[in-house]
Amino acid sequence: MKRKSIQITALAFAVSISLGSTGFAATFKNTCATGQMNHCHNGDHCKKHSFYESEEILIKLGLTEQDIISGREANKTIFDLTKAKNLSENQVRAIIIEQITTSINNKVIVGKMSKDEGTKDLEEKKLRIQNWDGSLKEEKRDFHIPQKLGITEQDIILAERDNKTLFDLAKVKGFTPEQVKAMMMEEGTILINKAVEAGQLTKEKANLILTEMKSKVDGWDGSFK
Numbered sequence: 639m640k641r642k643s644i645q646i647t648a649l650a651f652a653v654s655i656s657l658g659s660t661g662f663a664a665t666f667k668n669t670c671a672t673g674q675m676n677h678c679h680n681g682d683h684c685k686k687h688s689f690y691e692s693e694e695i696l697i698k699l700g701l702t703e704q705d706i707i708s709g710r711e712a713n714k715t716i717f718d719l720t721k722a723k724n725l726s727e728n729q730v731r732a733i734i735i736e737q738i739t740t741s742i743n744n745k746v747i748v749g750k751m752s753k754d755e756g757t758k759d760l761e762e763k764k765l766r767i768q769n770w771d772g773s774l775k776e777e778k779r780d781f782h783i784p785q786k787l788g789i790t791e792q793d794i795i796l797a798e799r800d801n802k803t804l805f806d807l808a809k810v811k812g813f814t815p816e817q818v819k820a821m822m823m824e825e826g827t828i829l830i831n832k833a834v835e836a837g838q839l840t841k842e843k844a845n846l847i848l849t850e851m852k853s854k855v856d857g858w859d860g861s862f863k
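So for the sequence shown, the numbering used here puts the first residue at 639; every next one is plus one.
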């Protein structure tokens with residue numbers, strides 16, 4: 639399981655592309671799994687419902703990505719899954735909060751967010767985790783590329799295992815790399831424009847991100863690495 643601890647947001651798709659192909663690949667994988675794109679103010683540290691889906695947290699909970707997929711399909715909660723690991727709900731929440739705290743502190747240390755931003759982000763996440771019912775259900779889908787390509791979360795997992803790329807998966811569905819990249823640009827442009835309309839980005843910043851995004855998409859080899 640190689641899923642990065644990337645928080646998925648309305649801007650994360652485009653911002654992660656502008657940051658590099660690795661960030662984008664992780665974003666695509668995570669979004670294919672959760673189908674969610676929520677609003678934010680900074681692409682690197684915005685809200686994500688599936689805060690339990692980082693590699694470090696799953697390891698500490700004794701779970702795998704496949705456990706999450708199977709649990710979601712069976713309408714189980716994360717607490718149902720961790721009960722078999724002899725972990726109480728409070729222990730699960732504590733593990734998640736501990737890992738998120740470490741992640742946020744590291745971002746503050748390297749300058750990815752200010753101390754005040756880190757404190758605010760952590761408090762918001764703590765509150766959400768304390769009120770979370772453990773649901774693994776997917777949220778509203780605003781990111782449509784996986785559906786358009788007919789690609790599932792399981793497809794991504796198997797492709798990573800077999801060292802295949804997104805383009806390999808898309809080829810089976812009848813799509814060329816150029817068509818996939820065009821879909822990405824279209825989707826990213828829509829999300830960025832929505833962010834501008836919502837006042838989350840200035841037009842100038844949006845144009846910069848779109849330019850960087852196009853450069854990254856054009857040069858991407860389809861790898862999930």
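No residue lacks a Cβ here, since even glycine has one placed at the ideal position from N, Cα and C.
Burial state of residue i (16 or more Cβ within 10 Å)
i	result
Val-810	exposed
Met-675	Unreliable placement is indicated for Met-675, whose pLDDT of 35 sits below 50; no coordinate value is reported for it.
Gln-704	exposed
Lys-854	buried
Asp-759	buried
Thr-740	exposed
Arg-731	buried
Gly-837	exposed
Val-748	exposed
Ala-712	exposed
Thr-840	exposed
Glu-824	exposed
Leu-719	buried
Lys-843	exposed
Leu-796	exposed
Ser-692	buried
Gly-681	For Gly-681, the pLDDT reaches just 35, beneath the cut-off of 50, and the residue's location in the model is therefore unreliable, although a value from the coordinates is still provided. So Gly-681 counts as buried.
For residue i: DSSP bridge partner residues
i	result
Thr-790	Answer is none; Thr-790 lacks a bridge partner.
Ser-853	Answer is none; Ser-853 lacks a bridge partner.
Thr-715	Ser-773
Contact test: residue i Cβ vs the ligand SAM heavy atom, cutoff 7 Å
i	result
Glu-711	The model depicted lacks the ligand SAM and carries no ligand whatsoever.
Whole-Å CB distance - residue i paired with residue j, under 8 Å assumed
i	j	result
Lys-764	Ile-733	Not quite, the Cβ-Cβ distance comes to about 13 Å (not below 8 Å), so this is no contact.
Phe-862	Thr-814	No, Phe-862 and Thr-814 are not in contact; Cβ-Cβ is about 18 Å, not under 8 Å.
Gly-700	Lys-723	4 Å
Ala-945	Leu-787	Nothing about residue 945 can be reported from this structure: the residues present for the chain run from 639 to 863 only.
Gln-792	Ile-707	7 Å
Check whether residue i and residue j have beta carbons under 8 Å apart
i	j	result
Ile-716	Gly-756	no
Leu-846	Ile-830	no
Ile-742	Ile-767	no
Glu-694	Gln-729	no
Met-751	Ile-783	no
Leu-774	Gly-826	no
Gly-860	Phe-805	yes
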